[in-house]
Every structure is written in structure tokens, then in C-alpha cells.
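Residue 229 in full-length UniProt numbering sits at position 229 of the sequence shown, and the numbers go up by one each step. Here's the structure we're looking at; comments come further down.
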Amino acid sequence: MNRVCITGSGYIGERIARLAREAGSQVTCMTRSAERRDYLQTQGFDAIAAPLNDITLIPPMDLDGSVLFYLVPPPGGGIYDQRARNFLQAVAGSSQPSRIIYMSATSVYTAKDGSMVTEESPALPTSSMGKRRLDAEKAFTAYCAEYGIPLIILRVSGIYGPGRLPLTQIKQGQPLLRLEESGPSNRIHADDLAQICMAAAERGEAGEIFNVSDGNPCSMTEYFNIVADALGEPRQPQVTMEEAHRVMSPLMLSYVSESRVVNPSRMFQRLGITLRYPRLQEGVQDSLPTG
């Protein structure tokens, strides 16, 4: 990859940028704020600021022959990803990338009853979050079909890593769903996700979809308990699902109400991935705050 453009150069995007630069690529980072742009420039990256909520603020971009990673999450509310649609409209007709890697999410899947999902499982989400993700997938699929650009979609499970552990919830003792009612959920460490994105760009083929997780699902309650134990903090109290509807935030309730087992076999087989953190315990330990 001679040229790489990363749209959404935040927590995962910066990691991809560093890997791409180490591999000898020329890297351009797009981010939403001037402050973040300035930081990336201090790290030696070409960077531009462009808030995708307003199409008039998206500057011209030279994507000719580059590998484009699109990592920007959808805006909150509604069932459409207007940010993705604004971006695609802004770059339509200009120089085009050689391929696009779109980072979606496993929330696009219909299943939420603890069953296993593969890339062939129905993607008819019931949550607004899942609908926004699926809308972006459709927008990128249509765009790439029109311009003849290979598209690889990564359906990513929950991301954890340094600065992304539920420290506040644990320290505040916020309630968890009791273990007996807590269904399976899936995760991937940020460093592993970055290398998976690079592998997808290098070895993925047009039209491929990959589920992304470490392949070791556990419940949300188990995850929080592992983090609490690693911190040396008391485990959080547990409540029934009936009680959860009264005491949990809507966001947390949405997480515990949906469960599925994400099957990442295709990712391991096709992309030749060896995870740095195949087990949650090691990944959490290396993600704890220092100092």
C-alpha cells in the first residue's frame, strides 16, 4: 500500500496510521476537530480536519490510488448514517481510492437471543444503532459498485483497550445484570483490531465481509468482573432483568438486552490473523491505567 487515507483518525485510526507508516505507506489522516488534526501533525502525519456532519465543510481530497479506511461512527439518533453519505457525496466524481475498508459493527445482525452469527446470518437489525450501521454498509456498497472500487466490510464487536475499560462504572458500583441472565457478548482488543484492518486491506477481496472478535465470547457481567478483579476493585452488584429496566441507563440496557456469539472463523482463515490478545484476561491486564 503506497498511499493510505484514514477517515476517522481516532482511537483505532491512529493505530492503523502508525502501522501503515511502519509498513512504508504515505498516510493522510482525516479527523473531525482542528485540535485532533494538530495533534496528528505533531506525530508526523499529514492531517486535515473535516466535520462530516456538514458536507460544505468537507475539503477536496486526493484519494487517487489510495487505500481508504472509513472508521467514522454514525451520528446519534435516527436510522441513517448521514456522515457516511455526506463523505461519499463529497468525494464522488473526484479521484478514487484503489479499495475501501469500511468498519461496521455486529449490531447489524438480527440475532439477539444468544445464538451464533456468521457473515451469512440475517442482517435486519432492530436497534437504531444497528440500522445506522447497515445504512452505511448499503451506502458504501452502492458507491463502490458505481465506481468499480473493491469494498471490504468489517463487522466489529465491542472494542476494549487502554483508556477503553469500564473504570467509572466499576468505581461507582453501577449495577450489572445478574450472571445467570447475562447472555454472551464479544470483544476485540484495539491493537488486534488495527492489525486486522491492515490485513483486510492487504488480503481481503472485493465484496468480502468479516466478523471481527477474539473468538472467546463472555457475558457483559463476566467482562466487568474480569476488569474489576484486575483493578482490585469490588465487583459490582447484580440485578435481575426486571430490575435492570428500572435502574440501568438506556444505553447500558440496550447492551445487556442483546446478545449473540460472533463467529470470526472467516477472519482467522482468510486473513491469517494471529491475535496478540486472544484471551480477555491478558488484554485487560495490559490495558490497565499506569501511574
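Beta carbons: idealized from backbone N, C-alpha and C, even for Gly. In this text the structure is predicted, and so the values were computed from the model without any measurement.
(1) Quick one: residues in its chain with C-beta nearer than 6 Å to the C-beta of K171, no 5 flanking neighbours on either side, listed in chain order?
(2) Tell me whether P278 sits in a helix, a strand or coil according to DSSP, three-state version.
(3) Measure the alpha-carbon distance for I48 versus E243 and round it to whole angstroms.
(4) Straight-line CA distance for Q238 to P217?
(5) What first and last residue would you give for the alpha helix (DSSP H) that runs through Q269?
(6) Do D192 and R276 have their C-beta atoms within less than 7 Å of each other?
(7) Give me, in chain order, the residues of the same chain whose beta-carbon lies closer than 6 Å to that of P150; leave out the 5 immediate sequence neighbours on both sides.
(8) Measure the C-alpha to C-alpha separation of L165 and V284 and round it to an integer number of angstroms.
(9) Residue range of the beta strand (DSSP E) that F210 falls in?
(10) Terminal residues of the continuous beta strand (DSSP E) containing Y70?
(11) Do you know offhand how far V4's Cα is from M30's?
(12) Given T118, which residues of its chain have a CB within under 6 Å of its CB, disregarding the five upstream and five downstream residues?
(13) Going by beta-carbon coordinates alone, are A123 and V108 separated by less than 7 Å?
(14) I believe R85 touches A139 by the beta-carbon criterion, under 8 Å. Please report the beta-carbon distance rounded to the nearest angstrom.
(15) Would I273 and I196 be called neighbours here (beta carbons separated by less than 7 Å)?
(16) Report all residues from its chain with a CB closer than 7 Å to the CB of I209; omit the five preceding and five following residues, and keep chain order.
Checking against the coordinates, here is how it stands:
(1) Mapped onto the sequence shown, residue 171 falls at position 171. Closer than 6 Å at the Cβ level, and outside the excluded window around K171, lies no residue.
(2) Here residue 278 refers to the residue found at position 278 when the sequence shown is read from its first residue. Coil at P278, not helix or strand.
(3) Within the sequence shown, residue 48 is the residue found at index 48, counting from 1. Within the sequence shown, residue 243 is the residue found at index 243, counting from 1. Taking the straight line joining both Cα atoms gives about 47 Å.
(4) Here residue 238 refers to the residue found at position 238 when the sequence shown is read from its first residue. Here residue 217 refers to the residue found at position 217 when the sequence shown is read from its first residue. Straight-line Cα distance between these residues: approximately 20 Å.
(5) Counted from its first residue, the sequence shown places residue 269 at position 269. Looking at the DSSP string, the run of the alpha helix (DSSP H) that includes Q269 is 265-271.
(6) One-based indexing of the sequence shown puts residue 192 at position 192. One-based indexing of the sequence shown puts residue 276 at position 276. Between D192 and R276, the CB-CB gap stays under 7 Å.
(7) Taking the sequence shown and counting its residues from 1, one reaches residue 150 at position 150. Result list for P150: R99, A206, in chain order.
(8) In the sequence shown, counting from the first residue as 1, residue 165 sits at position 165. In the sequence shown, counting from the first residue as 1, residue 284 sits at position 284. Cα to Cα, L165 sits roughly 8 Å from V284.
(9) Residue 210 sits at position 210 when you count from the first residue of the sequence shown. For F210, the uninterrupted beta strand (DSSP E) segment begins and ends at 209-212.
(10) Here residue 70 corresponds to residue number 70 of the sequence shown, with the count starting at 1. Secondary structure note for Y70: its beta strand (DSSP E) is the uninterrupted segment 67-70.
(11) Counting from 1 along the sequence shown, the entry for residue 4 is found at position 4. Counting from 1 along the sequence shown, the entry for residue 30 is found at position 30. Rounded to whole angstroms, V4 to M30 spans 11 Å at the Cα level.
(12) Taking the first residue of the sequence shown as 1, we reach residue 118 at position 118. The residues are N263.
(13) The residue you call residue 123 lines up with position 123 of the sequence shown. The residue you call residue 108 lines up with position 108 of the sequence shown. For A123 and V108, yes; Cβs fall inside 7 Å.
(14) As a working mapping, residue 85 is identified with position 85 in the sequence shown. As a working mapping, residue 139 is identified with position 139 in the sequence shown. Contact flag correct, Cβ pair sits at about 5 Å.
(15) Counting from 1 along the sequence shown, the entry for residue 273 is found at position 273. Counting from 1 along the sequence shown, the entry for residue 196 is found at position 196. Their beta carbons are under 7 Å apart, which means I273 touches I196 by this criterion.
(16) Residue 209 sits at position 209 when you count from the first residue of the sequence shown. Spatial neighbours of I209 in its own chain (CB-CB distance under 7 Å, excluding positions within 5 residues in sequence) are listed in chain order as E119, I153, R155.
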